[in-house]
Amino acid sequence: MSVALRTQLFLFLICVSLRMGLARYIEDNEASDGLYSLLSLAQKRESEDFIFRRPLRCLDMLATDGLFTFVASKPQLACAAFIIAEPSEVISLELSDVSIDCSAGDFIKIFDGWVLKGEKFPSNQDHHLPLYERYTDYCSSTAPGATSRSSQNVAMIFFRIHSPASGFTLAVKKLYNPFPCNIMSQSPEGSFTMVMPHQRKNCSFSIIYPVEIRLTELSLGQAKSNELSPQRLAWSGCSGSGDYVELLGGNGVDTSKMFPVADLCFSLSGLAQMKIGCDNSVVRLVSSGNYINRVSFQYQLLEHNELPKARENSLENFCTVE
């Protein structure tokens, strides 16, 4: 099945689900990776002084600064907006002009990260805040509005509104982040460098596509002899070193539920590459906090005929790509 056809099918299924009046929180719904196709529809700012404004849809993707206003024309019981910025940015969100009835079951919640298919990015293991602190609940706030700042380049807002003409305005602003961590890529092709300066932290770069990843540079605090080992489902060397890079593959967004493809815990200046034929491909940097760790890599989309066939490079046992 082609990417375009799969995207159309997923969006159709989402629309059908919303019309059936699903009342459960959006993280319990089977939100589809077809949402990412909406990135190409994002409006771009024409000047620094221009404030972009447009209506907010019940199911939406936002990739630019601006003011987005939602007004319910009918009961909307399962709505969500996914916000994404550049890898080197975090997101500031602010609610204003809110007219909802919390006592009647309406709610607006902001989440620090994304929730898709019941899975969270960043995972609970990789985020520095406990799960309950990642939510900002308008109905529980004593302030007239609600504000939130993401820890990475993605955030989301999900809401339920029963009464027509009720709604709110969401202000989205992007802020520079000098040390990006836990990044969701907007593109299936590109390059990036993750740097972790003396912090005990895990950082993931997530690419929601099957890709070929090429590690071009890896600098770790401790140099230990190891090798790039495809499809090794358990290991004791790198995970015990405290500072290492692992490549993961899977069909969800929670890195703790993905499958290890390879791991490296030694510095390299050459080229190591791996094809990951999964819906989600991840480069994850694990740091002990004792050193300055750095990994540089390039990635490009795998076409269907380029998906790995050889057993030593294949993920067919736990990834299905059609």
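All the letters of the sequence shown, read from the start, carry residue numbers -23 to -1, 1 to 299 under mature numbering (1 follows the signal peptide of the UniProt record, and there is no 0). Beta carbons: idealized from backbone N, C-alpha and C, even for Gly. These numbers were taken from a predicted model, which means no experiment stands behind them.
Taking only the alpha-carbon atoms, compute the straight-line gap between Asn101 and Leu108 and give it to the nearest angstrom.
7 Å
Given a cut-off of 8 Å, decide if Phe136 and Phe182 are closer than it, judged by their beta-carbon atoms.
no
Comparing alpha-carbon positions, which option in Ser80, Cys180 and Pro165 lies nearest Ile138?
Ser80
Can you name the residues that DSSP bridges to Asp240?
Paired residue(s): Glu223.
Spatial distance of Cys180 from Ala123 (CA atoms):
Taking the straight line from one Cα to the other gives about 28 Å.
On a CA-only basis, which of Gly266, Pro141, Tyr115 and Leu248 is nearest Gln275? Give me that one, please.
Leu248
Indicate the three-state DSSP secondary structure (helix, strand or coil) for Glu110 in the structure shown.
Correct three-state label for Glu110: helix.
Span separating the alpha-carbon of Thr193 from that of Ser273
6 Å
Residue from Asn159, Val188 and Ser140 whose Cα sits closest to the Cα of Lys51:
Ser140
Residues that Ile134 bridges to, as DSSP identifies them
Ala58 and Ile87
With 16 other CB atoms within 10 Å as the buried threshold, where does Asp114 fall?
exposed
On a CA-only basis, which of Asp89, Val149 and Tyr112 is nearest Arg30? Give me that one, please.
Val149
Find the nearest neighbour of residue 303 within the set Phe45, Asn154 and Val67, judged by alpha-carbon distance.
With the chain running from -23 to 299 in the structure shown, residue 303 is simply not present.
The beta strand (DSSP E) that contains Gly144, what's its start and end?
Looking at the DSSP string, the run of the beta strand (DSSP E) that includes Gly144 is Gly144 to Tyr153.
Selected residue, minimal CA-CA separation from Gly198, among Arg177, Glu189 and Tyr186:
Arg177
Just tell me which of Gln129, Ile253, Ser143 and Ser218 has its CA closest to the CA of Ser244.
Checking every option, the nearest Cα to that of Ser244 belongs to Ser218.
Report the option in Thr41, Gly254, Ala132 and Gly43 whose CA atom is closest to the CA atom of Lys86.
Ala132
Candidates Thr146, Leu33, Tyr186 and Gln53, of which the one nearest Ser73 by Cα
That would be Thr146, whose Cα lies nearest to the Cα of Ser73.
If you drop the 5 nearest sequence neighbours on each side, which residues of the same chain put their C-beta closer than 8 Å to that of Ser117?
none
Does Pro157 pass the burial test, meaning 16 or more other C-beta atoms within 10 Å, or should it be called exposed?
buried
Gln275 - containing beta strand (DSSP E), residue span
Ile269 to Leu278
Using the C-alpha atoms, what's the distance from Met171 back to Glu280?
26 Å
Per DSSP, what kind of secondary structure is Val(-21) in: helix, strand or coil?
Bear in mind that a pLDDT of 43 at Val(-21), under 50, signals an unreliable position, so the model cannot answer this.
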